[in-house]
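Notes follow once the structure below has been shown.
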Amino acid sequence: MILELKNVCKSFHQPQSGMIEVLNNVNFSLDIGETNAITGQSGSGKTTLLSLIAGLDIPDSGKILLQGEDLCSMKENRLSRYRATKIGIVFQRFHLMPHLSARENISLPLEILKHQHITDRVDDMLAKINLKDRQHHLPGQLSGGECQRVAIARALIIKPALLLADEPTGNLDIKTGKKIARLLFDLVEKENKTLILVTHNLDLADQCQKIRKLDRGRLV
Amino acid sequence: MLWMHMAIRELMKNRGFAVFFILNLSLGLTGFIAIHSFGRSLNHHLDENLKEILTADMVLSSSSPLTSEDLMLADEVLGPGKTQARLIRFYTMVKGGGNARLIGVMAIDEHYPLYGTLSLENSPGNSKKKEIQARPGVFMTRDTAYALGIRNKTDENTPVILGNKTFRVEDFFTVDPDKSLTAVELAPKIYIGIDQLEGTGLIQFGSRIRYSHYYRFSRDTDTPVVTAKLRQSFSEKYQGQSRISIYDSRDVNQRLGRVTGYFTGYMGLVSIVALFLAGIATAYLFRGYLNLKQQEMAILMSIGARPMEIYLYISFQLLILGTLASCLSVVISLFLVPAFPILFQGLIPTGIRLTTDPSTIALAVVMGMGGSLIFCWPVFVRIFGIKPLMLLRGTQIIGKRNGKRLLGQVASFLPGLAAFFGISVVVAGSIRNGSIFVAGFILALAFLSGMGWLIFSGCRRLSHTRHLVGRIAFRNLFRNKWSSLSCFVTIAMGAFLISIIPQVQKGLQNEIMRPEGLKIPVFFLVDIQDEQKMPFIEFIKHQDAYLANISPMVRGRILTVNQQPFYSENKAPGSKTGNRKAVSPRQVRGRRMEFNFSYRDHLDVSENIFQGRPLSSTPWDFEATTPFEISVEKSFAEQYGLALGDLIEFEIQGIPMQGQVKNLRKVRWNSFQPNFYLLFQNGVLNDAPKTFLAAISHVSRENRQDLKNKIVTAFPNVSVIDVTQMAGTLLSITDRLSLSIRFMAWLSIAAGLVSIFSIARHEAWKNENQVNLLKVLGADFKLIQAITLLEYGFIGFTSALFAILLSFGFSRTISWYFFDSLWQFDLKISLGILFLTPCICMGTALTASRKIMKTKPVKLLATA
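Listed in order, the protein sequences are those of chains A and B.
Here our numbering is used: the first residue of the first sequence is 3, the next is one more, and so on.
Here our numbering is used: the first residue of the second sequence is 272, the next is one more, and so on.
So this is what it looks like as structure tokens:
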């Protein structure tokens, strides 16, 4: 088991409606190499769940254990290190550094970790996503699909224990979306990575081994 | 290395921001750096030339000739291996080329100067030294000769008459050996042999003469130690009441430093305003940059960058920008510094070599780096609220404000305020002056910010108009309140500076040239002997002139105040309330040993009693057991802590006498009437040996020189001070002061303009989508241009209006405080500022946003 969520609860305060319970006693676990889709309506708590697993936020109660380590007990710096070494995130809007080339964007997490063999790993990754010829282009000079390929490569370059993807095809047309999805699943399979995919897209969710549905903060 | 690399790279990518940030900060720093650089050059020059300026290592000086015991004591303390020179200095009327005028006479012996030489036009200086002791010859500079009417070769044989003796011009100095500050001298100088004083009849009782002995020591002598030892010896000999002042090059350095300090101090304070304005703009620019970068910071955090790494990365960028700004400011100051010797001509020694030394560069770098961090700190703290979580939510990157963050935000202004206060105190030279400046500045800033806030909040109402241009422009001003307010405050502060300087200067001019309700005399006369009084009054009766005032003057000393010694080394005298201030030995040394006293039947129009009752008109009886009555001038009473009822013991002509303070007077010194710090009751001084001061008015311009010549012929020992000429000298100094401040004020305006340009450019960039949308909807270039013009024209007009109003308030307060409510409204300058400021703002904004206005609307689709 790589990830385990125990009784995770999260609520937010909203000025007009008071406390809103976004996640209510969420429990689930994942094994290595497992691909999971989390679906649900808007406001069901999908993104909140993803942010908690990514260590970008902390639950009100419950535990999130990644490879046996409890995220909730980690301090800010430790969480940063956790994200840098164990988590890869793919965003819907790519979120690439606009002033860095495709190659530099991919190598950035390794540079943050002060990794030794950056060049070889980046070359390898560029080949895997088939972007070698566009490696020196800035994000502004790339298409949406190419940007998302760079984002996936950036997420996978650190060989994360867990890959999180938030609507990875949401900003792309259907054809490009399909290509990106294939690339994502191929890479996950090849690298034997555990994937949590948050999406509305049922076709995309169907490609995962398991589909979990969130409804008003509860897994159903 | 990754972060440094990224920081530099990002700055390269954001060249516009980087360039404007550097330009803004460097302009703000330039004034400061230029003043420091000039100050260092001046200090360096003084350090190297102090002995030449003083012409000796040490000087003993007194208003009466030094006794042989005094000189023996000096000889004994100073030891062997020294050389000496003598100088007698006084002011008198000199007649040359048909004109009489006041001249400073420097009677020198053959050893003067002990450092440097007499640089003469026609012969080596030292060869003439002995000659002038033997025959009546004078030396002077060409400028002095010109003032005396000796203007060409044929005039050179014109006799120069000093008192009862006639002299000839021996030669002309190429450089005056006495390198005093010419602009603050009462009169030009001529040099004669000390032996030639005899027979001039100029040295009489009551004449204001300075007797000086100059000393040059061997190289290994520690001058400060010897000076201190000699001071101690004289202090012991005279029980702390020595009339002899002893000074060395350090004192000269301080004196020169004080004069230039006033100028550089004021300029420095104005340069702080420039720095502050630049600070507003840099903070604003950084805010825009940070808004742009916060998403990238969140991305970096999401992929594992630690918050501290992000803070360091941004700090590094600020440090790079600050360093580059400081380098640029050093370069710009290189062009500004050469203007300083021109501004300070006559107030500083000539021949200063202007250099930029390492300490100036170090100061620039420290201020640049520190300034960029401190100015941007209130914006910087926003980074602490960046949450990568928002990348997933698609909401704003910076989290909501809570109490802790709000407190942090407020606290983030403290380093800036502390630095501002610290710099102000250092530049102003005292905590009091620095605090007054900071308080005034904050008051001005608060007023302008408050007004600005009200105006831009009110723009919401103004935007409810049918007129499209007005609707959009006023809505923009309302929506972008912070940027509108930044522009408003920046421009208003600059306009305020430009407006207030002429207002205050005008008050000062009025004060000097024609004080309210007073008739300034044409001539002020000193050293009229007792026996000359009646003949002088008679003489004036036969002239086309009016003797406005003739006042007796008796010299004496103050021994005690309320039985406490006046010349205590440790304490200043004070009232019997016991409120006595501790004073430094230097202050005690600087205290006058002799004062001038007078008496009069009724007060002059230039003075009035503000506390106590008038002095009794009944003549005081010497046999009386009660003390006589004294009237004390306000500033004198404040300086020495005197109050009504205080008992003061005097020594006049060796006779001790006791008086009591009965009233405190306020004197309008700028009236140029004979006025005194201490007035005694009638009967006290009537029989004491005295001289007279007089003021003459109602002399037509054409008759002035003629009357001067007649006075000199009839009363050769009487000095005639031309009041109009003196007022002219004062005005020229105030003009120079005003010019130097304005010089810095323009720098503030320049910094302000760069700020407007930066802000306008940033705003235009922010509004790019709106501009493109308007174009898509059919708006033409003119309409978009009109919106920008209205926005910035409105900011310019309102800021100028409130700046002028504020400058009225400030200048009125200054006039009330310093110049007895003399204040005049300068309509021309105010109208000029009101017209020019909106024009400059509109021009700047138009230039800054032109590129954005010209973009193709298709960009809207690309960014959608």
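C-beta: ideal position from N, C-alpha, C; glycine also.
At what residues does the alpha helix (DSSP H) containing methionine 343 of chain B begin and finish?
Where methionine 343 of chain B is concerned, the enclosing alpha helix (DSSP H) stretches over 339-349.
Taking only the alpha-carbon atoms, compute the straight-line gap between glycine 700 of chain B and glutamine 800 of chain B and give it to the nearest angstrom.
When rounded, the distance between both Cα atoms is 43 Å.
Assuming leucine 273 of chain B is part of the alpha helix (DSSP H), what are its boundary residues?
Unbroken alpha helix (DSSP H) run through leucine 273 of chain B: 273-284.
Would you list the residues sitting across from alanine 356 of chain B in a DSSP beta bridge?
Bridge partners of alanine 356 of chain B: B/Tyr485.
Quick one: is methionine 343 of chain B buried, meaning 16 or more other Cβ sit within 10 Å of its Cβ, or exposed?
With fewer than 16 Cβ atoms within 10 Å of its Cβ, methionine 343 of chain B is classed as exposed.
Let me make sure I understand the geometry here. Which of B/Asn820, B/Arg1013, B/Met824, B/Thr1126 has the alpha-carbon closest to that of glutamine 924 of chain B?
Closest option to glutamine 924 of chain B, Cα to Cα, is B/Met824.
Inter-stretch contact (C-beta, 8 Å, three-pair minimum) for the segment 586-599 of chain B and the segment 324-334 of chain B:
No, the segment 586-599 of chain B does not touch the segment 324-334 of chain B.
Go through the segment 613-660 of chain B residue by residue and report every complete run of the alpha helix (DSSP H) that reaches 4 residues or more, in order.
You should have 629-651.
Beta-carbon separation of leucine 58 of chain A and leucine 660 of chain B under 8 Å?
The answer is yes: Cβ separation under 8 Å.
Look at the alpha carbon of leucine 313 of chain B and the alpha carbon of leucine 625 of chain B, and state the distance between them as a whole number of angstroms.
Rounded to the nearest angstrom, the two C-alpha atoms are 8 Å apart.
Would you tell me roughly how many angstroms separate the C-alpha atoms of glycine 146 of chain A and methionine 722 of chain B, rounded to the nearest one?
Answer to the nearest angstrom: the Cα atoms are 48 Å apart.
Please return the same chain residues whose Cβ sits closer than 7 Å to the Cβ of threonine 498 of chain B, not counting the five positions on each side in sequence.
If you ignore the 5 residues before and after threonine 498 of chain B, its C-beta comes within less than 7 Å of the C-beta of Met329, Ile517, Asp519, all in its own chain and listed in chain order.
Assuming leucine 949 of chain B and phenylalanine 868 of chain B make a contact with CB atoms under 8 Å, what is their CB distance in whole Å?
With a Cβ gap of about 5 Å, leucine 949 of chain B and phenylalanine 868 of chain B count as contacting.
Quick one: does glutamate 1039 of chain B have its CB under 8 Å from some CB of chain A?
Look at glutamate 1039 of chain B: its C-beta is not under 8 Å from any C-beta on chain A.
Give me, in chain order, the residues of the same chain whose beta-carbon lies closer than 7 Å to that of glycine 883 of chain B; leave out the 5 immediate sequence neighbours on both sides.
Leu915, Lys933, Asn934, Leu935.
Can you pull out the residues from the segment 32-54 of chain A whose beta carbon lies closer than 7 Å to at least one beta carbon of chain B?
Within the segment 32-54 of chain A, the residues whose Cβ lies closer than 7 Å to some Cβ of chain B are Thr49, Leu52, Ser53, listed in chain order.
At which residues does the alpha helix (DSSP H) containing leucine 921 of chain B begin and terminate?
The amino acid occupying residue 921 of chain B in the given sequence is phenylalanine; leucine does not appear at that position. From DSSP, phenylalanine 921 of chain B is part of no alpha helix (DSSP H) but of the beta strand (DSSP E) over 918-923.
Give a yes or no on whether the C-beta atoms belonging to aspartate 917 of chain B and asparagine 833 of chain B are separated by under 8 Å.
A contact, by the Cβ cut-off of 8 Å.
Taking 8 Å as the CB-CB cut-off, is arginine 83 of chain A touching chain B?
Arginine 83 of chain A has a beta carbon lying within less than 8 Å of a beta carbon in chain B.
Would you kindly report the start and end of the unbroken alpha helix (DSSP H) that includes cysteine 149 of chain A?
Per DSSP, cysteine 149 of chain A belongs to the alpha helix (DSSP H) from 146-158.
Comparing alpha-carbon positions, which option in B/Met377, B/Leu1061, B/Glu1034, B/Ile880 lies nearest leucine 739 of chain B?
Ranking B/Met377, B/Leu1061, B/Glu1034, B/Ile880 by CA distance to the CA of leucine 739 of chain B puts B/Leu1061 first.
Does the separation of the CB atoms of valine 24 of chain A and serine 13 of chain A fall below 8 Å?
Yes. Within cutoff.
Indicate the three-state DSSP secondary structure (helix, strand or coil) for histidine 2 of chain A in the structure shown.
Here chain A comprises residues numbered 3 to 222, so residue 2 of chain A is not present and cannot be evaluated.
So which residues of chain A does leucine 660 of chain B contact, with C-beta pairs closer than 7 Å?
Against leucine 660 of chain B, the close residues of chain A are Ser53, Leu58, Asp59, in the order they occur along the chain (beta-carbon pairs closer than 7 Å).
Checking the sheet assignment: what are the DSSP bridge partners for valine 92 of chain A?
In the DSSP assignment, valine 92 of chain A forms a beta bridge with A/Ala167.
Would you kindly work out how many angstroms separate the C-alpha atoms of isoleucine 108 of chain A and alanine 39 of chain A, rounded to a whole number?
CA-CA distance, isoleucine 108 of chain A to alanine 39 of chain A, rounds to 25 Å.
Here's the rule I'm using: 16 or more other beta-carbon atoms within 10 Å means buried, otherwise exposed. How should phenylalanine 457 of chain B be labelled?
With the sequence shown as reference, residue 457 of chain B is identified as leucine, and phenylalanine is not the correct amino acid for it. By the 10 Å Cβ count, leucine 457 of chain B comes out exposed.
Alpha helix (DSSP H) segments (min. 4 residues) lying fully within the segment 696-761 of chain B
As far as the segment 696-761 of chain B is concerned, its whole alpha helix (DSSP H) runs of at least 4 residues are 702-733, 739-750.
Can you tell me where the beta strand (DSSP E) holding valine 983 of chain B begins and where it ends?
Per DSSP, valine 983 of chain B belongs to no beta strand (DSSP E); it is in the alpha helix (DSSP H), 975-985.
Interfacial residues, the segment 566-592 of chain B to chain A, with Cβ spacing under 9 Å
Cβ contacts with chain A: Gln566, Glu567, Ala569, Ile570, Leu571, Met572, Ser573, Ile574, Gly575, Ala576, Arg577, Pro578, Met579, Glu580.
Three-state secondary structure (DSSP) of asparagine 879 of chain B:
In the structure shown, asparagine 879 of chain B sits in a strand (DSSP, three-state: E or B).
Helix, strand or coil at threonine 896 of chain B according to DSSP, with G and I counted as helix
DSSP, read as helix, strand or coil, puts threonine 896 of chain B in coil.
Residues sharing a beta bridge with histidine 15 of chain A, DSSP
By DSSP's assignment, histidine 15 of chain A forms a beta bridge with A/Met21.
Can you name the residues of chain A whose CB is closer than 7 Å to the CB of lysine 284 of chain B?
Within 7 Å Cβ-Cβ: His101.
Pick from A/Gln209, A/Glu169, A/Gly172: whose alpha carbon is nearest that of aspartate 188 of chain A?
Closest by alpha carbon: A/Gln209.
Can you find a CB in chain A that lies within less than 8 Å of the CB of arginine 653 of chain B?
Chain A contact via Cβ: absent.
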